[in-house]
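With the working numbering, letter number 63 in the sequence shown gets 70, and the count goes up by one each step, no holes.
The beta carbon of each residue, even a glycine, is placed where N, CA and C say it ideally should be.
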Amino acid sequence: MDEDTFAQLSSMSQNLQKRALALSHQGKDADLAMLMSAQAVTMEAVKSLGEALNRINGPLGLGAAGD
Numbered sequence: 008m009d010e011d012t013f014a015q016l017s018s019m020s021q022n023l024q025k026r027a028l029a030l031s032h033q034g035k036d037a038d039l040a041m042l043m044s045a046q047a048v049t050m051e052a053v054k055s056l057g058e059a060l061n062r063i064n065g066p067l068g069l070g071a072a073g074d
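Spelled out as structure tokens, the structure:
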């Protein structure tokens, strides 16, 4: 994954968390708010895994990641 993908995942995750929080404060659509929050957490986990894989693979051009 590249930095643009990481930035998009982070941005979408933050937006989903804000929307979920707003829904939960309104006292309606609690199920939807919970699903949105779970999706945001999943996006952060995917981002974290991608960053870890990039560190393991190393910089582009020095092996498998640079093929």
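Please state the DSSP three-state secondary structure of residue 19. Residue 19: helix per DSSP, three-state reduction.
Mind the definition here: the segment 21-30 touches the segment 38-45 only if three or more C-beta pairs lie below 8 Å; say whether that holds. yes
Would you kindly check if the distance between the Cβ of residue 8 and the Cβ of residue 65 is under 7 Å? no
What are the boundary residues of the alpha helix (DSSP H) that residue 38 is part of? 37-64
Drop a sphere of 10 angstroms on the beta-carbon of residue 17, count the other beta-carbons inside from all chains shown, and report buried for 16 or more, exposed for fewer. exposed
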